[in-house]
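One structure is given below, encoded as structure tokens.
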Amino acid sequence: MYCPKCKSEYREEFTTCPDCNEPLVKQLMEEKDIVIGAIDEVKLLSAANEVEAELIMNLLKSNDISCFKKSKGMGGYMNVYMGYSVFGEDIYVDQTDYDRAKDILDELQLEEDNENEVNDEKEEVETLPFYRRPQIVARIILIVMVIEMIIVYIINHM
1 MYCPKCKSEY REEFTTCPDC NEPLVKQLME EKDIVIGAID EVKLLSAANE VEAELIMNLL
61 KSNDISCFKK SKGMGGYMNV YMGYSVFGED IYVDQTDYDR AKDILDELQL EEDNENEVND
121 EKEEVETLPF YRRPQIVARI ILIVMVIEMI IVYIINHM
């Protein structure tokens, strides 16, 4: 005897499932195979960092658009090793949802442009500090790692 709800098996003398209080059946119904279609992924955009990617993905998901992200280059490794990545993240959507997703992001960009025009009149143009430029940060990290490796090599071969 089997419970149709929790799929547990019981001896013949039992008539109801003690866990679910469902009447037991002699055989379970065969479950139909669930087929999930693969998506035809299309790159929607590249986000500067994981936070921006998550914000955009939440916006898309709230509009019922399935999406996922991939780290660029060695970004996945950098996230694990350093806690953040300077390479950014690519956001992908299904081919059928691409136009709708692009429209949503275009609307968002128009709103940001309107806000930026007002703010530009009030603020002077500033250059980004070095730590906000991904290529410079990546080069600094690489240089520090190479220097550490050279020091370790020298110490071990003395």
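Numbering of the sequence shown is given in UniProt numbering, commencing with residue 1 and proceeding in unit increments.
All C-beta atoms, glycine included, are put in the ideal place defined by N, C-alpha and C.
Since we're looking at a predicted model, the values are computed, not measured.
- Note on residue 147: under 16 other CB atoms within 10 angstroms of its CB, so exposed under the neighbour-count rule.
- Here residue 134 carries a helix assignment [DSSP, helix/strand/coil].
- Under the three-state reduction of DSSP output, residue 10 falls in the coil class, being neither helix nor strand.
- In this structure residue 140 is exposed. Its beta-carbon is surrounded by fewer than 16 other beta-carbon atoms within 10 angstroms.
- Annotated three-state conformation of residue 66 is coil, per DSSP.
- For residue 25 and residue 18, the gap between their C-alpha atoms comes out near 14 Å.
- The beta-carbon separation of residue 39 and residue 71, rounded to 19 Å, does not stay under the 8 Å limit for a contact.
- Contact between the stretch 2-15 and the stretch 50-65 is not established, with fewer than three Cβ pairs separated by less than 8 Å.
- Linking residue 108 to residue 144 through their CA atoms gives a straight-line distance of about 39 Å.
- Residue 46 places its beta carbon less than 8 Å from that of residue 88.
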